[in-house]
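First up is the structure itself, then whatever we jot down about it.
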């Protein structure tokens, strides 16, 4: 079970890197466009995050912070609702692009600073 958890954490971090890296890589681009990495990273974050919480519950070593998990889940669902419908658009509003990046960075901050 610990090996599976390690693989999921690795995949979760790859998803985070794809979203945040894609955001920073596209900051200077005009017009703004979501990269495939941002879209797929969002879906990877959603899937691996839910699986990680499930494994943490199943292992039962430490109590799971459901408030943290719920907030992070809500953020990634909103991020998915922003990115998925616009995945093929040639141009998106700058505000939408920045909202996606800020939501992803907020999720990282919650992961790091909330225990």
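In this note's numbering, the protein residues as written are 21 to 135.
The C-beta atom is built at its ideal place from N, Cα and C for all residues, glycine as well.
The structure presented is a predicted model; accordingly, all values stated were derived computationally and were not measured.
### Message
Can you confirm whether the region 107-125 touches the region 49-58 when touching is taken to mean that 3 or more C-beta pairs between the two stretches lie within less than 8 Å?
### Response
Contact holds: three or more Cβ-Cβ distances are below 8 Å.
### Query
Looking only at C-alpha atoms, which of 118, 126, 120 and 104 sits nearest to residue 63?
Here residue 63 refers to the residue found at position 43 of the chain shown. The shortest Cα separation from residue 63 among 118, 126, 120 and 104 belongs to 104.
### Query
Taking C-beta to C-beta, are residue 35 and residue 61 nearer than 7 Å?
For the purposes of this step, residue 35 is taken as residue 15 along the chain shown, with counting starting at 1. For the purposes of this step, residue 61 is taken as residue 41 along the chain shown, with counting starting at 1. Contact: yes.
#### Entry: Reference residue 27; option with closest CA among 48, 67, 47 and 42
The residue given as residue 27 occupies position 7 in the chain shown. Ranking 48, 67, 47 and 42 by Cα distance to residue 27 puts 67 first.
### Message
Here's the rule: buried if 16 or more other CB atoms are within 10 angstroms of the residue's CB, otherwise exposed. What is residue 39?
### Response
In the chain shown, counting from the first residue as 1, residue 39 sits at position 19. When all chains shown are included, residue 39 counts as buried.
### Query
Based on Cα-Cα distance, which residue from 96, 87 and 121 lies nearest to residue 135?
Residue 135 sits at position 115 when you count from the first residue of the chain shown. Closest by alpha carbon: 87.
### Message
Just to confirm my understanding: we take residue 37, look at its own chain, exclude 5 residues before and 5 after, and list those with CB closer than 8 Å. What are they?
### Response
Here residue 37 is taken as the residue at index 17 of the chain shown, counted from 1. Answer for residue 37: 61, listed in chain order.
### Query
Going by the CB atoms, is the gap between residue 70 and residue 107 shorter than 7 Å?
Residue numbering aside, residue 107 sits at position 87 when the chain shown is read from its first letter. Residue numbering aside, residue 70 sits at position 50 when the chain shown is read from its first letter. Going by C-beta atoms, residue 107 is not nearer than 7 Å to residue 70.
### Query
So residue 123 packs on residue 91, CB below 8 Å; how close in whole Å?
Counting from one through the chain shown, the residue named residue 123 turns up at place 103. Counting from one through the chain shown, the residue named residue 91 turns up at place 71. Between residue 91 and residue 123 the Cβ distance is about 11 Å, and since that is not below 8 Å, they are no contact.
### Query
So residue 112 is in the alpha helix (DSSP H); what residue range does that whole segment cover?
As a working mapping, residue 112 is identified with position 92 in the chain shown. Where residue 112 is concerned, there is no enclosing alpha helix (DSSP H), given that its DSSP letter is neither H nor E.
### Query
How is residue 66 classed by DSSP in three states: helix, strand or coil?
Counted from its first residue, the chain shown places residue 66 at position 46. Looking at residue 66 - three-state DSSP - the assignment turns out to be helix.
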